[in-house]
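**Q** Under my numbering, read the sequence shown as residues 186 to 505, first letter to last.
We treat Cβ as the ideally placed atom computed from N, Cα and C, and that holds for glycine.
Mind looking over this structure? Questions follow.
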Amino acid sequence: MILLASDFLDNMLLYVLIAAVVFVLLASINVIFKARHIIREFGIMPNFGRTNFTEVFFLMLVISAGIVWLLKAGLENNIGMLNYIMFTVFPYLTLAVFLIGSIYRYRARGFQVSSLSSEFLERKKLFWGSQPFHWGLLVLFFGHLIAFLFPRAVLAWNGEPVRLIILEVSAFVFGLSALIGLVLLVSRRLNSDKVLVVTNKMDMLVYVTLLVQILSGLGIAYFERWGSSWFASVLTPYLRSLFAFSPDIAAVSALPWVVQIHIISAFFIVGIIPFTRFMHFLVAPVDYLWRGYQLVIWNWSRKSIRNSNAYYFGKKPQNH
Numbered sequence: 186m187i188l189l190a191s192d193f194l195d196n197m198l199l200y201v202l203i204a205a206v207v208f209v210l211l212a213s214i215n216v217i218f219k220a221r222h223i224i225r226e227f228g229i230m231p232n233f234g235r236t237n238f239t240e241v242f243f244l245m246l247v248i249s250a251g252i253v254w255l256l257k258a259g260l261e262n263n264i265g266m267l268n269y270i271m272f273t274v275f276p277y278l279t280l281a282v283f284l285i286g287s288i289y290r291y292r293a294r295g296f297q298v299s300s301l302s303s304e305f306l307e308r309k310k311l312f313w314g315s316q317p318f319h320w321g322l323l324v325l326f327f328g329h330l331i332a333f334l335f336p337r338a339v340l341a342w343n344g345e346p347v348r349l350i351i352l353e354v355s356a357f358v359f360g361l362s363a364l365i366g367l368v369l370l371v372s373r374r375l376n377s378d379k380v381l382v383v384t385n386k387m388d389m390l391v392y393v394t395l396l397v398q399i400l401s402g403l404g405i406a407y408f409e410r411w412g413s414s415w416f417a418s419v420l421t422p423y424l425r426s427l428f429a430f431s432p433d434i435a436a437v438s439a440l441p442w443v444v445q446i447h448i449i450s451a452f453f454i455v456g457i458i459p460f461t462r463f464m465h466f467l468v469a470p471v472d473y474l475w476r477g478y479q480l481v482i483w484n485w486s487r488k489s490i491r492n493s494n495a496y497y498f499g500k501k502p503q504n505h
């Protein structure tokens with residue numbers, strides 16, 4: 186009876202998880218079709234009222250917590266081959282969405298490939314949030330990349346306990362930096378009326394996904410120590426097996442649930458790149474490094490312009 190009850194509970198958790206995923210997909214498709222119908226009918230998207238992005242953010246946060254809990258229960262019990270789905274099917278699915286979606290958006294909607302910068306709307310809070318977030322994320326990204334490309338070198342480095350501790354503490358500090366920066370950026374966007382003008386619901390999804398990714402990474406660093414070593418010895422072979430189209434999930438299926446959530450959220454980030462601000466890093470202005478200087482000529486006094494209360498700067502334009 187106990188085994189039957191356990192099997193019934195496992196199946197129910199699987200059905201709930203599948204139902205939640207299907208519901209999210211159907212809801213997204215429904216919203217897309219409604220938006221297209223409105224655009225087709227009115228020509229532009231009408232403003233039906235101001236969206237409360239604070240409510241949207243916390244709603245998505247609660248939903249993500251529920252999904253994480255369901256995944257934790259499912260992965261620990263391998264309900265309905267969930268490990269196979271998450272670590273074999275899901276990575277290829279997100280990569281396919283990333284490639285097809287990025288190519289389509291760049292070719293069909295090239296002028297929308299932008300991060301919709303809000304620096305001109307508010308700069309001071311952006312600086313204090315953007316700097317720790319981006320530097321923390323950049324260092325962590327290259328740390329993961331080095332462990333993937335040179336696993337033996339990382340393991341050799343970690344052979345000395347002092348160097349291992351220095352590496353782990355440094356990674357944890359940069360993780361905290363990214364988390365603090367992200368919290369400041371979220372607070373800035375939700376509390377600035379000017380920034381909210383260039384905000385959409387996908388921004389909230391980006392923030393929530395990044396929170397899950399960073400918090401799970403910090404959880405790994407604190408509760409599952411020496412991540413740099415087991416990343417090089419466990420995750421690197423798994424990732425290479427994916428790129429070789431011969432996925433080996435035996436080791437990754439045995440990892441703690443927080444590590445598995447970290448992996449799944451990373452693939453999810455890859456999958457949503459074409460639909461979010463993440464898209465802008467694919468068209469980063471790298472050519473700025475070698476292009477010639479641009480000559481900017483001021484036709485009026487900088488000081489008087491900045492201190493002026495006039496509506497028109499310089500000479501008032503005239504219609505002819």
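What are the start and end residues of the alpha helix (DSSP H) that includes M464?
**A** On the sequence shown, residue 464 is found 279 positions in, with the first residue counted as 1. First-last for M464: undefined, no H or E at that position.
**Q** Kindly indicate the opening and closing residues of the alpha helix (DSSP H) around T273.
**A** Position 88 of the sequence shown, counting from 1, holds the residue named residue 273. Careful: T273 lies outside any alpha helix (DSSP H) and carries neither H nor E.
**Q** Is it buried or exposed for V416, if we count other Cβ within 10 angstroms and need 16 for buried?
**A** Walking along the sequence shown from the start, residue 416 turns up at place 231. A small correction: the amino acid at residue 416 is Phe; Val does not occupy that position in the sequence shown. F416 is buried by the Cβ-count criterion.
**Q** Report the three-state DSSP secondary structure of F408 (helix, strand or coil).
**A** For the purposes of this step, residue 408 is taken as the residue at position 223 of the sequence shown. Shown here, F408 sits in a helix according to DSSP, grouped into three states.
**Q** Would you tell me roughly how many angstroms separate the C-alpha atoms of G412 and R235, rounded to the nearest one?
**A** One-based indexing of the sequence shown puts residue 412 at position 227. One-based indexing of the sequence shown puts residue 235 at position 50. Cα to Cα, G412 sits roughly 44 angstroms from R235.
**Q** Using the Cα positions of L396 and M245, report the straight-line distance between them to the nearest angstrom.
**A** Numbered from 1 along the sequence shown, position 211 holds the residue referred to as residue 396. Numbered from 1 along the sequence shown, position 60 holds the residue referred to as residue 245. Spanning the two alpha carbons is a distance of roughly 11 angstroms.
**Q** Taking the beta carbon of M230 as the centre, do at least 16 other beta carbons fall within 10 Å, making it buried, or is it exposed?
**A** Here residue 230 corresponds to residue number 45 of the sequence shown, with the count starting at 1. Only weak support exists for where M230 lies, its pLDDT of 49 falling under 50; the coordinates are left without a value.
**Q** Count the other C-beta atoms from every protein chain shown that fall within 10 angstroms of the C-beta of N268, then say buried if there are 16 or more, exposed otherwise.
**A** Translated into positions along the sequence shown, residue 268 becomes position 83. N268 comes out buried.
**Q** Are R373 and D388 closer than 8 angstroms when you measure CB to CB?
**A** Mapped onto the sequence shown, residue 373 falls at position 188. Mapped onto the sequence shown, residue 388 falls at position 203. Taking 8 angstroms as the Cβ cut-off, R373 and D388 do not qualify as a contacting pair.
**Q** For F242 versus Y392, is the C-beta distance shorter than 8 angstroms?
**A** On the sequence shown, position 57 is the one that residue 242 refers to. On the sequence shown, position 207 is the one that residue 392 refers to. Closer than 8 angstroms, so yes.
**Q** Pick helix, strand or coil for F430, following the three-state DSSP scheme.
**A** Taking the sequence shown and counting its residues from 1, one reaches residue 430 at position 245. Coil.
**Q** Evaluate Q445 with the Cβ neighbour count: other Cβ atoms within 10 Å of its Cβ, from every protein chain shown; 16 or more gives buried, anything less gives exposed.
**A** Indexing the sequence shown from 1 puts residue 445 at position 260. Its Cβ being crowded by 16 or more others within 10 Å, Q445 is buried.
**Q** Give the single residue among G366, M266, L306 and F333 whose Cα lies nearest to the Cα of D378.
**A** As a working mapping, residue 378 is identified with position 193 in the sequence shown. It is L306.
**Q** Quick check on P422: does DSSP put it in helix, strand or coil?
**A** Position 237 of the sequence shown, counted from the start, is the residue given in the question as residue 422. Of the three classes helix, strand and coil, the one that applies to P422 here is helix, per DSSP.
**Q** Just verifying my parser: in three-state terms, what is the DSSP assignment at P441?
**A** For the purposes of this step, residue 441 is taken as the residue at position 256 of the sequence shown. It is coil, neither helix nor strand.
**Q** Hey, is T236's beta-carbon within less than 8 angstroms of any beta-carbon in chain B?
**A** Absence of chain B from the displayed structure is noted, only one protein chain being present.
**Q** Less than 8 angstroms between the CB atoms is what I'm expecting for P432 and S426, so what's the real figure, rounded?
**A** Here residue 432 refers to the residue found at position 247 of the sequence shown. Here residue 426 refers to the residue found at position 241 of the sequence shown. About 5 angstroms; that satisfies the 8 angstroms criterion.
**Q** Among S315, F359 and F460, which one has its Cα closest to the Cα of V371?
**A** By 1-based counting over the sequence shown, the position of residue 371 is 186. Of S315, F359 and F460, the residue nearest in Cα terms is S315.
**Q** Let's see if you can read the secondary structure: which residues bound the alpha helix (DSSP H) around T236?
**A** For this step, residue 236 is matched to residue 51 along the sequence shown. It is not in any alpha helix (DSSP H) - T236 carries neither H nor E in the DSSP assignment.
**Q** Please give me, in chain order, every unbroken run of the alpha helix (DSSP H) with length at least 4 that falls completely inside the stretch 353-413.
**A** 378-381 and 386-408
**Q** Distance, Cα to Cα, A429 vs R308?
**A** The sequence position of residue 429 within the sequence shown is 244, counting from 1. The sequence position of residue 308 within the sequence shown is 123, counting from 1. Approximately 45 angstroms, taken between the alpha carbons.
**Q** Since I believe L340 is in contact with S450 (beta carbons under 8 angstroms), could you give me their beta-carbon distance rounded to a whole number of angstroms?
**A** Numbered from 1 along the sequence shown, position 265 holds the residue referred to as residue 450. Numbered from 1 along the sequence shown, position 155 holds the residue referred to as residue 340. With a Cβ gap of about 25 angstroms, S450 and L340 do not count as contacting.
**Q** Determine the burial state of F238: buried for a count of at least 16 other Cβ atoms within 10 Å of its Cβ, exposed for fewer.
**A** Residue numbering aside, residue 238 sits at position 53 when the sequence shown is read from its first letter. By the neighbour-count rule (16 or more Cβ atoms within 10 Å), F238 is buried.
**Q** Pull up the distance between the alpha-carbon of S287 and that of V347, whole angstroms please.
**A** As a working mapping, residue 287 is identified with position 102 in the sequence shown. As a working mapping, residue 347 is identified with position 162 in the sequence shown. For S287 and V347, the distance between alpha carbons rounds to 43 angstroms.
**Q** Using C-beta distances below 7 angstroms, list every residue in its chain close to T384, excluding the 5 sequence neighbours before and after it, in chain order.
**A** Translated into positions along the sequence shown, residue 384 becomes position 199. Once the five neighbours on either side are set aside, the close Cβ partners of T384 are F238 and R374.
**Q** Take the Cβ of I448 as the centre, count every other Cβ of all protein chains shown within 10 Å, and call the residue buried at 16 or more, exposed below.
**A** The count along the sequence shown starts at 1 and reaches residue 448 at position 263. That one is buried.
**Q** Do you know how far the Cα of F463 is from the Cα of R290?
**A** Here residue 290 is taken as the residue at index 105 of the sequence shown, counted from 1. Here residue 463 is taken as the residue at index 278 of the sequence shown, counted from 1. The alpha-carbon atoms of R290 and F463 are separated by roughly 12 angstroms.
**Q** Would you say L420 and I399 are within 8 angstroms of each other, going by their C-beta atoms?
**A** Here residue 420 refers to the residue found at position 235 when the sequence shown is read from its first residue. Here residue 399 refers to the residue found at position 214 when the sequence shown is read from its first residue. Contact: no.
**Q** Would you kindly work out how many angstroms separate the C-alpha atoms of T394 and G265, rounded to a whole number?
**A** Position 209 of the sequence shown holds residue 394. Position 80 of the sequence shown holds residue 265. The C-alpha of T394 lies about 25 angstroms from the C-alpha of G265.
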